[in-house]
Amino acid sequence: MKDYYSTLNITRNATVAEIKKAYFTLVRAYPPDRHPEEFRKIREAYEVLVDENTRRQYDLVDSMPDIVKLYFKEGRKALDEGDAEKAIRLLEEVIKFYPHFSVVNSLLGEAYLKNENSVKAIRIFEKLAAQEQNNAGFVRRLAEAYALRGWHKKAIIQFRRALSLDEDNISLWLGLTDCYLQAKDFQKAKETVREGLEVSNRKGWDNLELYYHIIQIDILSHDLISMRKRLEEMKNKAIEKEEERANAAWFLAALAKMIHSIGLEEEAAAAINTAFALQPDDEKIQSIKKEVDTQYSLLMEIKKLKKDSAVDSRLAEMLDCELHMCGQKDCLDCKITQFFCEMDIIVEIESLRKDVLRLKNSYPELYNMKKEFFDSVLNPKKEQHLFDTYNKKYKKYKKLCPERFDDEDEEGCELLQQPYRRSEPKVGRNDPCPCGSGKKYKKCCGRS
21 MKDYYSTLNI
31 TRNATVAEIK
41 KAYFTLVRAY
51 PPDRHPEEFR
61 KIREAYEVLV
71 DENTRRQYDL
81 VDSMPDIVKL
91 YFKEGRKALD
101 EGDAEKAIRL
111 LEEVIKFYPH
121 FSVVNSLLGE
131 AYLKNENSVK
141 AIRIFEKLAA
151 QEQNNAGFVR
161 RLAEAYALRG
171 WHKKAIIQFR
181 RALSLDEDNI
191 SLWLGLTDCY
201 LQAKDFQKAK
211 ETVREGLEVS
221 NRKGWDNLEL
231 YYHIIQIDIL
241 SHDLISMRKR
251 LEEMKNKAIE
261 KEEERANAAW
271 FLAALAKMIH
281 SIGLEEEAAA
291 AINTAFALQP
301 DDEKIQSIKK
311 EVDTQYSLLM
321 EIKKLKKDSA
331 VDSRLAEMLD
341 CELHMCGQKD
351 CLDCKITQFF
361 CEMDIIVEIE
371 SLRKDVLRLK
381 NSYPELYNMK
391 KEFFDSVLNP
401 KKEQHLFDTY
411 NKKYKKYKKL
421 CPERFDDEDE
431 EGCELLQQPY
441 RRSEPKVGRN
451 DPCPCGSGKK
461 YKKCCGRS
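Residue numbers for the sequence shown follow this note's numbering, beginning at 21 and rising by one.
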């Protein structure tokens, strides 16, 4: 396991300025959202070495008795590997010899926190933050412990305090932002990231991670104007900085997926295309691009369909709703919306059948979105079956979600309940199929 100096790639006589420079370089290479474990180690090393007192204590580790030094190193290793119980046991042994070593106490607090003993962890961090009031790292740990307990107001106060001590620590900006998001205060979250961006631009450690977070907040708060603006800024920065292209591509791909999930296909396509241009061989980016491109292609077809006066507008509306379903398999709200769209077609099945046929011939990709449903609509033999099926669905959904139904829906359902009358002449098995395929009826719709 690397020591803190090796983690930051610096010498033991490095200055504070050199420590910060090394930290900025590594954070650009290992942003927390993409490389959480690597970033955690970088942050731990930085927070210990940037503070004069904790750095002095850390330098004294080598002069500890061999057994105590072993406890310390093995305790750190156990913590890195996620074995909190072992880390607690070993670090408590070190504390017996060095009860006032804040570096060891801090690691012990982290171990307690990982072991879900937040009471002991908070007690340690409160004591450390009070004893060493200029140590931003200890204040950060206290803030994060408060946040884990859901004490967001207390956490916000401590994050602000930590930032007043070290505004170069990106963890503090991200932690404070997350606190506001947990409290559903999107405006404060956005202001925090903007503040962080201003500091980063002023001090020259401009970081794409902050852009990634502010765009996420724009998505969550539905601020699409700001989202588009920041997305453009992020794309430009990614193109400018050769060394950050891989991370920028990862951020843009992740954002494309988020944007795609809220139905903004054009913006999602722009983001994933930039990511693909930056990293064309990345398999994950290729997969996301394929998914987004498919949806974008369908969206363009629906836009074209909406302008086509030869096809009833209700078909375009239904397909638009279908494209923008939430994606959750058992979403009742989406199922009922889908039911209403389909019932509109079935209630006027005779007059709309020709429109469905035009859809099949002119917009095959859109037809295939609901092929099973459209095939049933085109097949006169299935007309009564559709009436019966949607009458049952109406009763089921009205019982489950009565607030979604009104008198007009009742009238539509009554039409489905009327006795079935053949709307078209009987088709012989050897006659041309009415669906327009050119095949005989017995070899086309008559097979079902």
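Glycine residues also receive a C-beta, built at the ideal position from the N, C-alpha and C atoms.
Compare the C-alpha of Asn399 against each of Lys249, Val376, Asn33 and Tyr414 and name the closest. Val376
Taking all protein chains shown into account, do 16 or more other C-beta atoms lie within 10 angstroms of the C-beta of His120, making it buried, or fewer, making it exposed? exposed
Please list the terminal residues of the continuous alpha helix (DSSP H) segment that includes Lys413. Glu403 to Leu420
Taking three-plus beta-carbon pairs below 8 Å as touching, is the stretch 314-321 in contact with the stretch 297-304? no
Quick check on Pro52: does DSSP put it in helix, strand or coil? coil
For the stretch 112-194, which segments carrying the alpha helix (DSSP H) assignment without a break, of at least 4 residues, lie completely within its bounds, in sequence order? Taking only runs of at least 4 residues, the alpha helix (DSSP H) segments lying wholly in the stretch 112-194 are 122-134, 138-151, 156-168 and 172-185.
Helix, strand or coil: how does DSSP classify Pro384 here? helix
Thinking C-beta only, is Glu229 closer than 9 Å to Pro52? Going by C-beta atoms, Pro52 is nearer than 9 Å to Glu229.
Within its chain, find whatever has a CB closer than 6 Å to the CB of Ala295; leave out the 5 residues flanking it on each side and keep chain order. Ala269, Leu272, Ala273 and Ile305
Can you name, in chain order, every residue of its own chain whose Cβ lies under 8 Å from the Cβ of Pro85, other than the five neighbours on each side? Phe117
Alpha carbon of Leu435 to alpha carbon of Ala266, nearest angstrom: With a pLDDT of 49 at Leu435, under the threshold of 50, the modelled position of this residue cannot be trusted; read the value that follows with caution. So the two alpha carbons sit approximately 59 Å from each other.
Same chain, Cβ closer than 7 Å to Ala65, five either side skipped, listed in chain order: Residues of the same chain with a CB within less than 7 Å of the CB of Ala65, apart from the 5 flanking positions on each side, are Tyr24, Thr27 and Leu28 in chain order.
Residues near Leu275 in its chain [Cβ-Cβ closer than 6 Å; skip 5 each side]: Excluding sequence neighbours, Leu275 sits near Ile235 and Ala291.
Where in the stretch 287-357 do unbroken runs of the beta strand (DSSP E), each at least 3 residues long, occur, reported from the N-terminal end onward? none
For a test of the three-state rule: what should DSSP assign to Pro85, helix, strand or coil? Of the three classes helix, strand and coil, the one that applies to Pro85 here is coil, per DSSP.
Range covered by the alpha helix (DSSP H) that runs through Asn256: Leu244 to Glu260
Would you call the CB atoms of Leu406 and Ile366 closer than 9 Å? yes
Which word fits Asn125, buried or exposed, when buried means at least 16 other C-beta atoms lie within 10 angstroms of its C-beta? buried
For the pair the stretch 86-104 and the stretch 141-159, tell me if three or more CB-CB distances fall below 8 Å. no
For Trp270, report the span of its alpha helix (DSSP H) as first-last. Arg265 to Ser281 is the extent of the alpha helix (DSSP H) around Trp270.
When you measure from the CB of Phe179 to every non-hydrogen atom of the ligand FAD, does any distance come out below 8 Å? Annotation note on the ligand FAD: not contained in the displayed structure, which lists no ligands.
In the DSSP assignment, find the unbroken alpha helix (DSSP H) run with Asp205 in it and report its ends. No alpha helix (DSSP H) contains Asp205, which DSSP labels as neither H nor E.
Closest by CA to Ser191, which one among Gly95, Ile62 and Asn381? That would be Ile62, whose Cα lies nearest to the Cα of Ser191.
Can we say the stretch 410-420 touches the stretch 341-360, given the rule of at least three CB pairs closer than 8 Å? Result yes; three or more Cβ-Cβ pairs closer than 8 Å.
Would you call the CB atoms of Met320 and Glu287 closer than 9 Å? Not a contact, by the Cβ cut-off of 9 Å.
For Leu80, report the span of its alpha helix (DSSP H) as first-last. Where Leu80 is concerned, there is no enclosing alpha helix (DSSP H), given that its DSSP letter is neither H nor E.
Which same chain residues, not among the five before or five after Leu240, have their C-beta less than 8 Å away from its C-beta? Leu201 and Phe206
Taking 9 Å as the threshold (C-beta atoms), are Ala175 and Gly195 in contact? yes
Quick check: what's the CA-CA separation for Ile30 versus Leu168? In a straight line, the C-alpha of Ile30 is about 33 Å away from that of Leu168.
Report yes if the CB atom of Ile115 is closer than 9 Å to the CB atom of Asn135, and no otherwise. no
Below 9 Å between beta carbons: does that hold for Gly16 and Leu148? Nothing can be reported for residue 16, as the shown portion of the chain is limited to 21 through 468.
In chain order, what residues of the same chain have a beta carbon less than 7 Å from the beta carbon of Asp79, not counting five sequence neighbours either side? none
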